[in-house]
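Just so we're aligned: 534 in the numbering used here is position 414 of the sequence shown, and the numbers increase by one with no gaps anywhere.
By construction, the Cβ of each residue, glycine as well, lies at the ideal position given by its N, Cα and C atoms.
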Amino acid sequence: MEAIKFQNTVHHDRILIAFIFLFVDLSLCSPSQTQGELPYITSDVKEVAGKSFDYIVVGGGTAGCPLAATLSEKFSVLLVERGGSPYGNPWVMEKRYYGFSLIQTDEFSSVAQDFKSADGVRNCRGRVLGGSSAINGGFYSRASEDFIDKVGWDKELVKDAYTWVESKIVSIPELTPWQTVVEFGLLEAGILPYNGYSLEHIEGTKIGGSIFDVWGIRHTSADLLKAANPKNIVVALNATVKNIIFKGNGNASERTVKGIRFIKSDGTTDQTYEAYLNQPKNCTSNGDVILSAGALGSPQILLSSGIGHREHFKKFSIPHVVNLKGVGKKMKDNPSIAVLVDTNPQNRLPDPPQVSGIAKDLKFIIEGGIIPTGFNATRMPIAAKIAFPVSEGELKLSSTDPRQNPSVKFNYLADENDLDDCANMVHLLERVAKSESIAFYLGVKPQNNLMTSTDGQRKFCKANVRTYYHYHGGCTVGSVVDNDYKVYGVKGLRVVDGSTFLESPGTNPMATLLMLGRYQGVKILREREHV
């Protein structure tokens, strides 16, 4: 009776909040959209081929767009994106089509690119301006204070960078009926306290921010390009970077970057183009090629450029440039388990997560949604992930064609600690999925037949492990890049994206990757002021 009484209290509060919302200008719940137009965007690679820029950012994704926009305040920037534009594509831009981009994929042009890890788990990566922020659930939540402390970032600059992003593309969501029910289910399962709306990564149940506005329009990282100096930036779409170009041999202990070599994404690998870094007389103030191609793309480009473990290059006849053994190592993907609470596919409106349950000292993250499994069918999963897995794997080249996915193995649940955590997580997940709140919404009788055997839970985990799409690593700080995200042994090359993370921050990494692009951009601008 206590649980039911608590639910009713929350229910009455929700009705009151909903009533208040009717009399509030909805614009207060949406970001103050960035004034200005998008910068010059071209899909004709010949327009940028042979030209020079102060900075070249490879990957117009979650981190790459805010990074390029920030650098353009004072320097010329070329932003290179292998995919096309998200604008005008309803599967990307409209909330009602959430998830559709993940079920309609092809080899070279779809906005989501499928890949299957060597573990046999299906996964995907963004291939569009905006990157994964154009295909994900749009849930926005910051990293924990502990994460910020561990990576050693400037807290004031972190706060400013988060705020910069949030003022432009983040909204306070209005909960859908299903998200309200999920919220009740999380509370009923004991994921407390109730934190209401919060962008902070804290224990309990909360409503997060969203990059979908109140009208159901998605605001990807590409929208941050509206904050760029349009005179200083060019965005090249449908251009896939093949490798980094280096200057002559130079100092044997440190190679210097000259530019990039790329192809048309729908062309052949034999027809290549080049773009270069400006070479000012003052060599101490040169710009950089900055890889923001993601946890698969950035290590893939480094390996394709001869940067990595010496033994890796013999198979592909790639000249070895720098012996960095950490490239492609420490690949992690948060193990996830999902249970379906509906009995059969229905044709419901897709519903991305707006509520999150954070439990067990931030170790377990639980969310629910409605996802399409076909163009006329949806399912209702409740899914959970382990936030700090111990198990890790490796990424390797599978082809010299930069459009092909590299080979990656994450070794899900290989470590016994991960398997134990998964068993405990399944117990909590079941309590949410079989809560009275969810049963009442679905019109079924509550089920109390929870798995009680730890051995049964462990077997269930091994048989049903999946991805939460938060894979990271491959170019980690301290192994491949230093604290300024500069690649060891190479002058004029940085990596700024999720490949540098040793763990995935927050409920999901999107907010922190958006912040990181702005953060590193500001840091570079400040560094250049003092040169």
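query                                                                                                                                                                                              : result
Between residue 184 and the rest of its own chain, which residues show a CB-CB distance below 6 Å, the 5 nearest in sequence each way excluded?                                                    : 177 and 412
What distance in whole Å lies between the Cβ atoms of residue 396 and residue 368, which are believed to be in contact at a cut-off of 8 Å?                                                        : In fact, because the Cβ distance is near 14 Å, the residues do not count as touching under 8 Å.
Whose CA, out of 356, 474 and 542, lies closest to the CA of residue 584?                                                                                                                          : 542
Between which two residues does the beta strand (DSSP E) harbouring residue 244 extend?                                                                                                            : 242-246
Under a Cβ-count criterion, where at least 16 other Cβ atoms within 10 Å of its own Cβ denotes burial, should residue 337 be classed as buried or exposed?                                         : exposed
List the residues that DSSP assigns as beta-bridge partners of residue 592.                                                                                                                        : 452
Going by other Cβ atoms of all chains shown within 10 Å of its Cβ, with 16 needed for buried, is residue 174 buried or exposed?                                                                    : buried
Helix, strand or coil, according to DSSP, for residue 484 in the structure here?                                                                                                                   : strand
Which residues in the same chain have their Cβ closer than 7 Å to the Cβ of residue 142, if we skip the five residues on either side of it in sequence?                                            : Its pLDDT being 32, under 50, residue 142 is placed unreliably by the model, and nothing is read from it.
Is the beta carbon of residue 500 closer than 7 Å to that of residue 593?                                                                                                                          : no
CB residue 425 to CB residue 364, shorter than 7 Å?                                                                                                                                                : yes
Going along the chain, which residues of its own chain have a beta-carbon closer than 7 Å to the beta-carbon of residue 430, five neighbours each way excluded?                                    : 440 and 443
At the level of alpha carbons, what is the spacing between residue 581 and residue 158?                                                                                                            : 45 Å
What does the alpha-carbon distance come out to for the pair residue 590 and residue 366?                                                                                                          : 32 Å
Going by the DSSP bridge assignment, what does residue 162 pair with across the sheet?                                                                                                             : 356
Are residue 470 and residue 218 close, meaning C-beta to C-beta below 7 Å?                                                                                                                         : yes
Can you check the segment 518-566 for any alpha helix (DSSP H) of at least 4 residues that lies completely inside it and give the ranges in chain order?                                           : 536-553 and 556-562
Can you look up residue 342 in the DSSP assignment and give me helix, strand or coil?                                                                                                              : helix
Could you tell me which uninterrupted alpha helix (DSSP H) segments, each at least 4 residues in length, are contained entirely in the segment 365-396, listed from first to last along the chain? : none
What is the rounded straight-line gap between the Cα of residue 170 and the Cα of residue 546?                                                                                                     : 55 Å
Within a Cβ cutoff of 8 Å, which residues of the same chain sit near residue 623, ignoring the five residues on either side of it in sequence?                                                     : 267, 452, 507, 508 and 592
Considering only DSSP beta bridges, list what residue 606 is partnered with.                                                                                                                       : 614
Name the residue from 297, 505, 563 and 564 whose alpha carbon lies nearest to the alpha carbon of residue 538.                                                                                    : 505
Can you tell me whether DSSP reads residue 280 as helix, strand or coil?                                                                                                                           : helix
Mind reading off the beta-carbon distance from residue 588 to residue 456? Whole number of angstroms is fine, and I expect it under 8 Å.                                                           : 4 Å
Label residue 525 either buried or exposed according to how many other C-beta atoms from any shown protein chain fall within 10 Å of its C-beta, with 16 as the threshold for buried.              : buried
In angstroms, rounded to a whole number, what distance separates the CA positions of residue 318 and residue 327?                                                                                  : 6 Å
Let me check understanding here. Comparing Cα to Cα, which of 644, 650 and 631 lies closest to residue 182?                                                                                        : 631
Distance, Cα to Cα, residue 644 vs residue 191?                                                                                                                                                    : 8 Å
Select from 602, 202 and 248 the residue whose C-alpha is nearest the C-alpha of residue 341.                                                                                                      : 248
I'd like to confirm the pairing. Which residues does DSSP put opposite residue 175 in its beta bridges?                                                                                            : 197
Look at the alpha carbon of residue 502 and the alpha carbon of residue 487, and state the distance between them as a whole number of angstroms.                                                   : 6 Å
Would you list the residues sitting across from residue 260 in a DSSP beta bridge?                                                                                                                 : 329
Determine, using beta-carbon pairs with one atom in the segment 376-392 and one in the segment 230-238, whether at least three such pairs fall under 8 Å.                                          : no
Pull up the DSSP beta-bridge partners for residue 265, would you.                                                                                                                                  : Beta-bridge pairing links residue 265 to no other residue.
Can you tell me which of 454, 211, 359 and 358 puts its alpha carbon nearest to the alpha carbon of residue 339?                                                                                   : 211
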